[in-house]
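Participant: Encoded as structure tokens, here's the structure I'll be asking about.
Residue numbers (the numbering used here), protein chains in the order written: chain C, 1112 to 1389; chain A, 34 to 324; chain L, 9 to 439.
The structure is reproduced here in structure tokens:
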């Protein structure tokens, strides 16, 4: 948009503002990094915003091994790798039905799914726990997938439905002429065209799952299955309160979300663009 | 039913099945529980009608505080988080050096979990060692230092600043996405007509962003009603219950005091308030659709 | 093409349905499942136990489990650690969905009572008789694991609290441990003058500062009224309660607490003690172990009894125990009891010192120089720590009152009234 030229002074002001703000945004993370690179003694004897006396790269290795970060990362990665594609497939099928298959209640169903966004997770914990118990799914991965997929559905459908609607109907007709059925239309036309939206959803979904805390806290009581957030909450090095190791763990835990963001970010804004154009 | 009628439901069924089991049925069951006095374990629940709700509004001063906090949080989010998001999106919506980097930096906190943000910011606010007080001392504003998280007057705002830091990236990318969909022509026409910058924003950008606003407003409102992780992590609702919100107070009632009925009543109140806020939005989007 | 897709979707659906109904073999929490309990393990078969414990200072459990393999090679134990508040919540969640582990750690009093009162714990009365627990465990600890005349847990720790202080800080301020309440208050002022924080309490979560509140209440109310207040048998709207809150307010005004103490994490408050930047804190028999596990030398610290000026001069006490799942049966039940007895035994206590045993014939380990002093403090009697003595909702109100009084949002009189209101509401409800 606006190709109006900015006055040079205005442009400089804009840069200054952005740079200052960016600095403010980076500060907390810098402290996490400082803390992660200190010894406990260094941390105890100097204010925590001091630069480390001697940089302790070894903290990362310790957090990885002693702090069981390797286990938590593996578990969470497994959950994400199954949950995200599975969830998106299910949501895309539903969004396809809502936008491409004519039926009376399509708007009603959409609204029905949206209501789910308003239900706080806490409101479902007791019934869900009973459900998991009755189906013998406590502390099992299928049980977790089921619940995690469930909480992703409203948002996924919202985003995908929005994007699917921007795909011109003419393309569907072309598919019909080519002799594709609805499944063919879904996989050959809609899904490839919706890749930006799907990429966006991958980012959101991956982050939501990776960072989820409440469900992980309640539904995983088996130490071997613990996920990253609850793992960090009960982080244990050799000492109970080893802040440097904890902060090293925090930094390690961020890496996968960053990688996913960087991989998919090129589609990010364009993917959303379709979806927000309800 | 013919196959043709069945087909939409075939596509919908996986999502519907999971959604019903995980969200809808449990939420309905919780609403049912809100009419009882129950500790979650005994076989017999005592039916008390609307007693739990009446007690919440009439007797429980913490609930009222929590409700106020949620509404305050919502207003704050709409004004500041959304406002900052829009501002940043406007600033970053032109070809410029370092655009991707800036976008990445402002979005970055959003990829962190609430628990991580809470622990980091609790350190920032540490009354004696924390960055914020140290900074104020360094620039000679020692009298401005506070035990930010420890004073009921500042605690909620202090947590909110952390939430602002974490959350501003979300509306920013949504607005950036919305701005991308705005075509060039209206601006060109406006310039020819001699419009000022402020006027193009007011009369072109804002109206064309209307649908983006709807999504951002809705998700912001829902998010502020459900806020939990960051509060649980930073203050646990204290000091003096001054930062309790509905989600945390419900969690306390249910899982600390074993008042399943009261907890469920809070959940239901939370859902109902959100519904009241959100139904116009759903109505609007679905009415407009032609599918 | 179409058929192929149809098949895919039906497979997907089938997988979802299956995952919702099957996979019982994955369930590692089997101890809670009555259906599965009926297939009891035969002799020599593997038995799997799940157990939940605390986080800080509980590393020894894994080692003890390892040791136990020599005793029973067939027992597999799965340990899960929790932080202080999360374990309380996780247990409640598990109770409401009947997914409690086979064994869990809990405090006594109102924190532990929920489970036996609702029939969720194994009644160990007979076992206690058969195994002569009265000769093995401290009577007070066993009493505190008994609800309604039934033994509901295997006692592991019996804790006594006292006021801990860094010796060097007291020396520098030329202070001796106070013997009367007046001396105690004088020492607070002296400590303040000498440039340290007199009272290292952190109110995040409420329970840390509560340990001071309850001592003040014991001082003003005396043993008899204090007990009645704890049992909700006397009105909290009482001058003694008002005076207690007045003191909290006064100490706050005088700057006796750390800056921002109302949201300070108790661990950080304790840290001021380790760093010798604070004068005293109410901690318990476990504190020798905590100090050394934080990397400090516990001989640099000492402990005195809070001078309540009352007869008898009572200390705060509380017990900790393992409760066992009511649904345990057969060989698994026996294995769980045996394992619980092992974890609480003198052998384990001696091998992994750092805690205050409930078992009678454990050593006084040299690693815990203050254990005996503290246990002796309780010889004149003790009162149950407040967050185990009061119902949890009333406890929460007390935490709120502590903070609000400190901030002048409530006058001490109002705080006492609010406490009485919460107590009355609880009583009305539980009728």
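Cβ atoms here follow ideal geometry from the backbone N, Cα and C, with glycine treated the same way.
Check each residue of the segment 330 to 355 of chain L: if its Cβ is closer than 7 Å to any Cβ of chain C, include it; give the result in chain order.
Facilitator: Correct list: empty, as no residue qualifies.
Participant: Going by Cα to Cα distance, which pick from A:305, A:86, A:248 and A:70 is closest to residue 203 of chain A?
Facilitator: Counting from 1 along the second chain, the entry for residue 203 of chain A is found at position 170. Among A:305, A:86, A:248 and A:70, the Cα nearest to that of residue 203 of chain A belongs to A:248.
Participant: Identify which residue in L:423, L:230 and L:80 has its Cα closest to the Cα of residue 56 of chain L.
Facilitator: Here residue 56 of chain L refers to the residue found at position 48 of the third chain. Residue L:80 is the option with its Cα nearest to residue 56 of chain L.
Participant: Could you check whether residue 115 of chain A and residue 245 of chain A sit closer than 8 Å to each other, using their CB atoms as the reference points?
Facilitator: Position 212 of the second chain, counted from the start, is the residue given in the question as residue 245 of chain A. Position 82 of the second chain, counted from the start, is the residue given in the question as residue 115 of chain A. Against a cut-off of 8 Å, the Cβ pair of residue 115 of chain A and residue 245 of chain A comes out as no contact.
Participant: Give me the Cβ distance between residue 382 of chain L and residue 311 of chain L, rounded to the nearest whole Å; I'm assuming they're in contact under 8 Å.
Facilitator: As a first step, residue 382 of chain L is located in the third chain; it is residue number 374 there, counting from the start. As a first step, residue 311 of chain L is located in the third chain; it is residue number 303 there, counting from the start. Right, their Cβ atoms sit about 6 Å apart.
Participant: Secondary structure at residue 42 of chain L, three-state DSSP: helix, strand or coil?
Facilitator: Numbered from its first residue, the third chain carries residue 42 of chain L at position 34. In this prediction, residue 42 of chain L has a pLDDT of 39, which is less than 50 and means its spatial position is unreliable; nothing more can be read from the coordinates.
Participant: Just mark residue 41 of chain A as buried or exposed, buried being the case when its beta carbon has 16 or more other beta carbons within 10 Å.
Facilitator: Your numbering for residue 41 of chain A matches position 8 in the second chain. Per the 10 Å Cβ criterion, buried.
Participant: Report, in whole angstroms, the separation of the C-beta atoms of residue 1366 of chain C and residue 293 of chain A, which I expect to be a contact under 8 Å.
Facilitator: For this step, residue 1366 of chain C is matched to residue 255 along the first chain. For this step, residue 293 of chain A is matched to residue 260 along the second chain. Not quite, the Cβ-Cβ distance comes to about 40 Å (not below 8 Å), so this is no contact.
Participant: Assign residue 42 of chain L to one of two classes, buried (16 or more other C-beta atoms within 10 Å of its C-beta) or exposed (fewer than that).
Facilitator: Position 34 of the third chain, counted from the first residue, corresponds to residue 42 of chain L. Low per-residue confidence applies at residue 42 of chain L: pLDDT is 39, beneath 50, and the placement is therefore not dependable enough to give any value.
Participant: Could you run through the segment 307 to 326 of chain L and flag, in chain order, every residue whose CB is less than 7 Å away from some CB of chain A?
Facilitator: none
Participant: Helix, strand or coil: which one does DSSP assign to residue 63 of chain A?
Facilitator: Position 30 of the second chain holds residue 63 of chain A. Residue 63 of chain A: helix per DSSP, three-state reduction.
Participant: Going by DSSP, what residue range makes up the alpha helix (DSSP H) through residue 159 of chain A?
Facilitator: As a first step, residue 159 of chain A must be located in the second chain, where it is residue number 126. From DSSP, residue 159 of chain A is part of no alpha helix (DSSP H); its letter is neither H nor E.
Participant: Return the bridge partner residues of residue 159 of chain L from the DSSP annotation.
Facilitator: Residue numbering aside, residue 159 of chain L sits at position 151 when the third chain is read from its first letter. Residue 159 of chain L pairs with L:154.
Participant: Assess contact between the segment 229 to 244 of chain A and the segment 147 to 164 of chain A, defined as three or more Cβ pairs (one per stretch) separated by less than 8 Å. Is contact present?
Facilitator: no
Participant: Using CA coordinates, which residue listed in L:286, L:182, L:161 and L:151 is at the minimum distance from residue 207 of chain L?
Facilitator: Indexing the third chain from 1 puts residue 207 of chain L at position 199. Answer by Cα proximity: L:286.
Participant: So with Cβ pairs under 8 Å, would you call residue 1170 of chain C a contact of chain A?
Facilitator: On the first chain, residue 1170 of chain C is found 59 positions in, with the first residue counted as 1. With 8 Å as the cut-off, residue 1170 of chain C does not count as an interface residue toward chain A.
Participant: Given that residue 1252 of chain C touches chain A, what residues does it touch there, using C-beta distances under 7 Å?
Facilitator: Position 141 of the first chain, counted from the start, is the residue given in the question as residue 1252 of chain C. Here the premise fails: no neighbours, minimum Cβ distance about 15 Å.
Participant: Tell me whether residue 77 of chain L sits in a helix, a strand or coil according to DSSP, three-state version.
Facilitator: Locating residue 77 of chain L in the third chain gives position 69, counting from the first residue. Residue 77 of chain L: coil per DSSP, three-state reduction.
Participant: Using 10 angstroms around the beta-carbon of residue 1162 of chain C, count the other beta-carbons present and answer buried if the total reaches 16, otherwise exposed.
Facilitator: Start at 1 with the first residue of the first chain, and residue 1162 of chain C comes out as number 51. By the 10 Å Cβ count, residue 1162 of chain C comes out exposed.
Participant: Report the three-state DSSP secondary structure of residue 70 of chain A (helix, strand or coil).
Facilitator: Start at 1 with the first residue of the second chain, and residue 70 of chain A comes out as number 37. The three-state secondary structure of residue 70 of chain A, taken from DSSP, is strand.
Participant: When the Cα of residue 347 of chain L is compared with those of L:104, L:65, L:62 and L:77, which residue comes out closest?
Facilitator: For the purposes of this step, residue 347 of chain L is identified with residue 339 of the third chain, where counting begins at 1. Out of L:104, L:65, L:62 and L:77, L:77 has the C-alpha closest to the C-alpha of residue 347 of chain L.
Participant: By Cβ distance, which residues of its chain are closer than 6 Å to residue 167 of chain L, with the 5 residues on each side in sequence left out?
Facilitator: Against the third chain, residue 167 of chain L aligns to sequence position 159. Here the set comprises 292, 293, 326 and 364.
Participant: Residues in the segment 72 to 99 of chain A with C-beta within 8 Å of chain L's C-beta atoms, listed in sequence order?
Facilitator: 72, 73, 74, 75, 92 and 95
Participant: Are the C-beta of residue 235 of chain A and some C-beta of chain L separated by less than 8 Å?
Facilitator: Within the second chain, residue 235 of chain A is the residue found at index 202, counting from 1. For residue 235 of chain A, the closest Cβ of chain L is not nearer than 8 Å.
Participant: What's the call for residue 336 of chain L, buried or exposed, on a 16-neighbour Cβ count within 10 Å?
Facilitator: For the purposes of this step, residue 336 of chain L is taken as the residue at position 328 of the third chain. Under this definition residue 336 of chain L is a buried residue.
Participant: From residue 82 of chain L to residue 339 of chain L, what distance separates their C-alpha atoms?
Facilitator: For this step, residue 82 of chain L is matched to residue 74 along the third chain. For this step, residue 339 of chain L is matched to residue 331 along the third chain. About 11 Å.
Participant: Could you round the C-beta distance between residue 145 of chain L and residue 125 of chain L to whole angstroms and report it? I think they count as a contact, below 8 Å.
Facilitator: Here the question's residue 145 of chain L lines up with position 137 in the third chain. Here the question's residue 125 of chain L lines up with position 117 in the third chain. Contact doesn't hold; Cβ gap of about 22 Å is too wide.
Participant: For the segment 186 to 202 of chain L and the segment 400 to 412 of chain L, state whether three or more C-beta atom pairs, one from each stretch, are separated by less than 8 Å.
Facilitator: no
Participant: Give a yes or no on whether the minimum CB-CB distance between residue 105 of chain L and chain C is below 8 Å.
Facilitator: Start at 1 with the first residue of the third chain, and residue 105 of chain L comes out as number 97. For residue 105 of chain L, at least one C-beta of chain C is nearer than 8 Å to its own C-beta.
Participant: Residue 228 of chain L: buried (16+ other C-beta within 10 angstroms of its C-beta) or exposed?
Facilitator: In the third chain, the residue the question calls residue 228 of chain L occupies position 220. Counting Cβ neighbours within 10 Å, residue 228 of chain L comes out buried, since at least 16 surround it.
Participant: Rounded to a whole number of angstroms, what is the C-alpha to C-alpha distance between residue 1140 of chain C and residue 1124 of chain C?
Facilitator: The sequence position of residue 1140 of chain C within the first chain is 29, counting from 1. The sequence position of residue 1124 of chain C within the first chain is 13, counting from 1. One C-alpha to the other measures close to 25 Å.
Participant: Which value, in whole angstroms, describes the spacing of the CA atoms of residue 442 of chain L and residue 1185 of chain C?
Facilitator: Absent from the model: residue 442 of chain L. The displayed extent of chain L is 9 to 439, so no value can be given.
Participant: Should residue 1219 of chain C be labelled buried (16 or more other beta-carbon atoms within 10 Å of its own) or exposed?
Facilitator: Looking up residue 1219 of chain C in the first chain gives position 108. Under this definition residue 1219 of chain C is an exposed residue.
Participant: According to DSSP, simplified to helix, strand and coil, what is residue 310 of chain L?
Facilitator: Translated into the one-based positions of the third chain, residue 310 of chain L becomes position 302. The answer is strand: DSSP assigns residue 310 of chain L an E or B state.
Participant: What's the gap between the Cα of residue 366 of chain L and the Cα of residue 352 of chain L?
Facilitator: For this step, residue 366 of chain L is matched to residue 358 along the third chain. For this step, residue 352 of chain L is matched to residue 344 along the third chain. Rounded to the nearest angstrom, the two C-alpha atoms are 7 Å apart.
Participant: Note down, in chain order, each residue of its chain lying with its Cβ closer than 8 Å to the Cβ of residue 84 of chain A, except the 5 sequence neighbours on either side.
Facilitator: For the purposes of this step, residue 84 of chain A is taken as residue 51 along the second chain, with counting starting at 1. So the qualifying residues of the chain are 70.
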